[in-house]
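Residue numbers (this note's numbering): 21 to 531. Built from N, CA and C at the ideal position, the CB exists for glycine as well.
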Amino acid sequence: MENIDTPKKAPKSIIIIFGAGGDLTKRKLIPALYHLMQQGLLSKHTNVVGVDRLDSDNETYRNHLSEEIDCFIDKEFFSRDLWDQLISKAHFMQGDFRDPETYKNLKNFLTDIDNKTDTPDNYLFYCATPPSFFGEIAAQLCAAGLSTESDDYWRRLIVEKPFGRDLETARELNKALHQSFQEHQIYRIDHYLGKETVQNIMAYRFGNGTIEPIWNHRYIDHIQITVAESLGVEGRANYYETAGAMRDMIANHLLALMSVIAMEPPNSFNDADAIRDEQTKVLKAIEKFTPEQVLSCAVRGQYGGANLDNGESILGYREEERVAPESGTETFVALKLMIDSWRWSGVPFFIRTGKRMPGRYTEVVIQYKYAPSMMFHKSMDKINHLEPNRLIIRIQPDEGISMQFNAKKPGTIQELSTVDMDFSYSEHFGNAPSTGYETLIYDCLCGDATLFKRADNIEASWAIVQPILDVWQALPARTFPNYKANSWGPDEADTLLKRDGQEDRQWHQIK
Ligand code: BG6
21 MENIDTPKKA
31 PKSIIIIFGA
41 GGDLTKRKLI
51 PALYHLMQQG
61 LLSKHTNVVG
71 VDRLDSDNET
81 YRNHLSEEID
91 CFIDKEFFSR
101 DLWDQLISKA
111 HFMQGDFRDP
121 ETYKNLKNFL
131 TDIDNKTDTP
141 DNYLFYCATP
151 PSFFGEIAAQ
161 LCAAGLSTES
171 DDYWRRLIVE
181 KPFGRDLETA
191 RELNKALHQS
201 FQEHQIYRID
211 HYLGKETVQN
221 IMAYRFGNGT
231 IEPIWNHRYI
241 DHIQITVAES
251 LGVEGRANYY
261 ETAGAMRDMI
271 ANHLLALMSV
281 IAMEPPNSFN
291 DADAIRDEQT
301 KVLKAIEKFT
311 PEQVLSCAVR
321 GQYGGANLDN
331 GESILGYREE
341 ERVAPESGTE
351 TFVALKLMID
361 SWRWSGVPFF
371 IRTGKRMPGR
381 YTEVVIQYKY
391 APSMMFHKSM
401 DKINHLEPNR
411 LIIRIQPDEG
421 ISMQFNAKKP
431 GTIQELSTVD
441 MDFSYSEHFG
451 NAPSTGYETL
461 IYDCLCGDAT
471 LFKRADNIEA
481 SWAIVQPILD
491 VWQALPARTF
501 PNYKANSWGP
511 DEADTLLKRD
521 GQEDRQWHQI
531 K
């Protein structure tokens, strides 16, 4: 996340995508490369090599990438010439990821492109594959001599999530990767960290003099993080049945968001490790649940079917294709987390995520403590209570930040009303084309690991969710399905906020 006034072009390199025939490549990665090229951030010597088991060749592969491209690149930003330029640099190599021959062939394939295009042996290997291949691909690349760097060229490996399925498997995977690549060569993606609005949280907190002084337990009552999705599992049931919302969203995206919200200012913003150290410290300071706390501070849910007012009916999770009829997989999680630190002493973080919620919204709400309201007690009789100030950071959609505060209603009586002061990204900066992967790919090509997860960060995240996974596994949910599709989750998620006599606390109503 280096601050660059005139962004420089990423160095000449070859991007090798394992899993070239998959959805991620077609929907996100190739369109992201197109956007980078359009912004002048990609060297024209960048080549892409797709590796997959499919029986294909360059021409068929290029056609495959070009099909439906208008669904993945906004018409307004699409230029046929530019697309043709990019696609002419895409090559296909058939190969089985488990076969050592694939990597021998790959080595020759890459040398051939290097010779023809004068690229200096910089290789970015992108594992867009099921996670069971991550360790294998790394080991095979190493065995073929493709992971070794020199002073003249670099070798980097991007791995997608899920990174392990619990603390033990995450540790094993880290160990396996470290046998083939050094930590500085490994870029673990959490695409939430690539979102502009998430990166802006740091800019907002540390680039403004008025925010940090009140960003602590003296002024903040509690913090809410919501990642709500309106979609269900969309044909990914095979994966989702083995994951659930805790592994799919909490163990990575929500904890990543929480670490950005709660981190201390780093010593430097130009040092990836200084920033990642602070984020990891937050994760390590999150109090681990005892089995009793799992029962009181963690809520799980699964959606059932619903008939909507507009006549549409939505299937329940258990009725979706490839989902077990008695499935115990959670599609909703809400947690109350505490951070054991000076800054956050006594401030609960309520985090929740769910599928089939009434909309797709990701937002962070900082709820400040109530003002001492004596001077308004007359008006309070009228309006019953004074609303607390809330800072609302809208991560998506309608990206922006708003501050809710109380203002006097015009008139002779002293009556207050809650109003919003609003900043909207698109109104201020206009719309920029993005799949969410542009910054991540660009940063990796430039060797900036700030927005990628380090091994210790991944393990610290799993250490938080592990005690909850253990209790949930030992005590399967008996009340599933326990919320209706198109609702905000089970009732227990509301009571979670109100515990310990905090009757006034409620989830922020997203409009
Ligand atoms: C992915 C999860 O990591 O994030 C999906 O596997 C989820 O289940 C997705 O839908 C949400 O990402 P976004 O960027 O659409 O909020």
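Hey, would you say the C-beta of residue i is under 7 Å away from at least one heavy atom of the ligand BG6?
i: H55; result: no
i: T382; result: yes
i: M269; result: yes
i: K10; result: Here the chain has residues from 21 to 531 only, and residue 10 is not among them.
i: H273; result: yes
i: G456; result: yes
i: E249; result: yes
i: H211; result: yes
Relative to the C-alpha of residue i, which residue among the options is closest?
i: A525; options: P408, L489, K504, L465; result: Looking at the sequence shown, residue 525 is not Ala but Arg. Residue P408 is the option with its Cα nearest to R525.
i: P417; options: T300, N451, V439; result: N451
i: P368; options: R519, G264, I413, L328; result: R519
i: D171; options: R47, E523, D141, L193; result: D141
i: Y503; options: G255, R320, N125, P496; result: R320
i: Y123; options: F97, D104, S167, C91; result: S167
i: G467; options: E169, R100, D101; result: E169
i: E458; options: V302, A305, R47; result: R47
i: I334; options: N258, A505, H448, V314; result: A505
i: D360; options: S99, M283, G374, A257; result: M283
i: A40; options: G336, S76, K64, F226; result: S76
i: V302; options: A110, Q105, I484, K64; result: I484
i: S437; options: L411, F92, K428; result: K428
i: W527; options: I386, L460, F92; result: I386
i: K32; options: V491, F153, Y173; result: Y173
i: L328; options: V68, P378, L197; result: P378
Drop a sphere of 10 angstroms on the beta-carbon of residue i, count the other beta-carbons inside from all chains shown, and report buried for 16 or more, exposed for fewer.
i: M441; result: exposed
i: A158; result: buried
i: C147; result: buried
i: T455; result: buried
i: G431; result: exposed
i: E307; result: exposed
i: K531; result: exposed
i: T66; result: buried
i: K402; result: Because K402 sits at a pLDDT of 49, beneath the cut-off of 50, its placement in the model cannot be relied upon, and the point is left open.
i: R82; result: buried
i: G336; result: buried
i: R498; result: exposed
i: F38; result: buried
i: G227; result: exposed
i: P286; result: buried
i: Q529; result: exposed
i: D463; result: buried
i: G521; result: exposed
Mind checking whether residue i and residue j have CB atoms under 8 Å apart?
i: L85; j: I107; result: yes
i: G214; j: L471; result: yes
i: S481; j: A326; result: no
i: R176; j: Q202; result: no
i: I36; j: Y143; result: yes
i: G229; j: E350; result: no
i: V218; j: L277; result: yes
i: I221; j: I371; result: no
i: E419; j: R191; result: no
i: V384; j: I281; result: yes
i: R118; j: E156; result: yes
i: N125; j: G115; result: yes
i: P501; j: Q322; result: yes
i: R380; j: E249; result: yes
i: I415; j: T373; result: no
i: D90; j: F98; result: yes
i: E341; j: A469; result: no
i: R406; j: Y390; result: At residue 406 the sequence reads Leu, which differs from the Arg that was named. Yes, Cβ-Cβ distance for L406 and Y390 is below 8 Å.
i: S279; j: Q299; result: yes
i: A354; j: A513; result: yes
For residue i and chain D, any beta-carbon pair shorter than 8 Å?
i: L187; result: In the displayed structure, chain D is absent; only one protein chain is listed.
### Query
Looking at C-beta atoms only, is the number of pairs between the stretch 362-370 and the stretch 225-243 that lie closer than 8 Å three or more?
yes
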